[in-house]
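Notes for the one structure printed next.
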Amino acid sequence: MKLATLRLASEPGHTTAAVIEDGRAYYLDNLDTVQRFLRLDDSNQQEVIARALVGDSIAEGEADYAPLIPKPEKIYCVGLNYKTHAAEVGEELPKYPTIFAKFASTLCGANDSIEIPVEDHRVDYEAELAIIIGKPGRRISQEDAASHIAGYAVSSDVSMRGYQGRTQEWLQGKIWDRSTPLGPWLVTADELDPAARITSTVNGTVVQDEKIDDLIFSAAELVSYLSTFNELQPGDVILTGTPSGVALGRRDENGRHPWLKHGDVLETSIEGLGTSTVTFHAPQN
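Numbered per the UniProt record's numbering, the sequence shown spans residues 1 to 285.
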């Protein structure tokens, strides 16, 4: 099953949760976001889906995707969680997950445009598998973690490397407004291939290509670890890290990092989860 949060063309500034099936997006009655849907119990979720599938819909290609979870309570991010990425930046494999956080204001829709800030031209891409929590829990065991995961989505942790490198703590390079696409949709956990490919392309050129089973800390390990210190809630987001191939780890023939620039198109894909396509633009007055 695929779930999305869509912007309503008929009501600017408003959104609706939707279920995507057979090329159509069916609106979920009285639910403005996927997060609201996830807070329902299982029987109510099934009833809402059943009603939606005989109600109003639009063609999937006409959908305007808002951030999948527009205002999550928590957004966790994991650094250096692919073996290949740790190797390309010269870091040893971590003993424990490297955790930082984002704010809800960093999120944008899967196909939105992203501004290259005037303060930092060193803009980088990081393809990421996002975990979406579906059931609350604290101190969740790895064995029980799957029952707390609603599904998975595509994301990219777009990073301002100049600011990120100012201190040992990465936060200031990771929390720029509307810089983190999330979506287009959530795919339930039963439909994710554990060896799915995760890729990024810039202007059609593949720059990242890995399998998600290269993760150092698995989804179950991360859910268990993070729930040690916080109670996880429906709609919480966990970005699980990026594979090798980021601009920070690359140089062109002139020895320069290929930072993203005005007009660049970034496509981030995970097999079975869809594709996010964002365009970068110079600051607008």
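Idealized CB from N, CA, C, for every residue including glycine. Note that the coordinates shown come from a computational prediction; the quantities given were computed from them, not determined experimentally.
If you drop the 5 nearest sequence neighbours on each side, which residues of the same chain put their C-beta closer than 7 Å to that of residue i?
i	result
residue 299	Here the chain covers residues 1 to 285 and nothing more, so residue 299 does not appear.
residue 148	133, 134, 135, 137, 140, 223 and 232
residue 278	111, 112, 113, 114, 181 and 266
residue 155	128, 130, 180, 181, 182 and 239
residue 88	244 and 249
residue 199	127, 206, 208, 209 and 269
residue 251	257
residue 51	29
residue 64	6, 7 and 9
residue 227	137, 138, 139 and 140
residue 157	77, 126, 128, 174, 180, 239 and 242
Apart from the five residues on each side of it in sequence, which residues of its chain come closer than 6 Å, Cβ to Cβ, to residue i?
i	result
residue 79	98
residue 235	35, 38, 69 and 72
residue 49	19
residue 196	212, 270, 271 and 272
residue 120	160, 162 and 163
residue 188	1 and 151
If you drop the 5 nearest sequence neighbours on each side, which residues of the same chain put their C-beta closer than 8 Å to that of residue i?
i	result
residue 15	5, 6, 7, 8, 32, 33, 66 and 70
residue 116	123, 260, 261, 262, 280, 281, 282 and 283
residue 264	202, 203, 279 and 280
residue 24	57, 58, 59 and 60
Should residue i be labelled buried (16 or more other beta-carbon atoms within 10 Å of its own) or exposed?
i	result
residue 95	exposed
residue 268	buried
residue 254	exposed
residue 126	buried
residue 205	exposed
residue 42	exposed
residue 90	exposed
residue 274	buried
residue 81	buried
residue 184	buried
residue 13	exposed
residue 45	buried
Assuming residue i and residue j form a contact by the criterion Cβ under 8 Å, report the distance between their Cβ atoms to the nearest whole angstrom.
i	j	result
residue 62	residue 20	Between residue 20 and residue 62 the Cβ distance is about 12 Å, and since that is not below 8 Å, they are no contact.
residue 243	residue 210	3 Å
residue 230	residue 74	7 Å
residue 27	residue 55	6 Å
residue 186	residue 241	Contact doesn't hold; Cβ gap of about 19 Å is too wide.
residue 214	residue 83	6 Å
residue 220	residue 104	About 25 Å; that fails the 8 Å criterion.
residue 170	residue 106	Not a contact, Cβ separation roughly 13 Å.
residue 40	residue 17	At roughly 10 Å, the Cβ-Cβ gap does not stay under 8 Å, so residue 40 and residue 17 are not in contact.
residue 178	residue 108	4 Å
Which class does residue i belong to by DSSP, given the choice of helix, strand or coil?
i	result
residue 197	strand
residue 138	coil
residue 273	coil
residue 121	coil
residue 148	helix
residue 95	coil
residue 130	strand
residue 242	coil
residue 267	strand
residue 223	helix
residue 85	helix
residue 286	Summary: the structure shown does not reach residue 286, with the chain confined to residues 1 through 285, and so no result is reported for it.
residue 3	strand
residue 10	coil
residue 231	coil
residue 247	helix
residue 105	helix
residue 73	coil
residue 90	coil
CB of residue i to nearest heavy atom of the ligand GTP: below 7 Å?
i	result
residue 9	This structure simply doesn't include the ligand GTP, nor any ligand for that matter.
Which runs of the beta strand (DSSP E) spanning at least 3 residues fall entirely within the segment 13–58, listed in chain order?
Counting only runs of 3 or more, we get 15–21 and 24–27.
Where in the segment 161–216 do unbroken runs of the alpha helix (DSSP H), each at least 4 residues long, occur, reported from the N-terminal end onward?
Fully enclosed alpha helix (DSSP H) runs of 4 or longer: 161–164.
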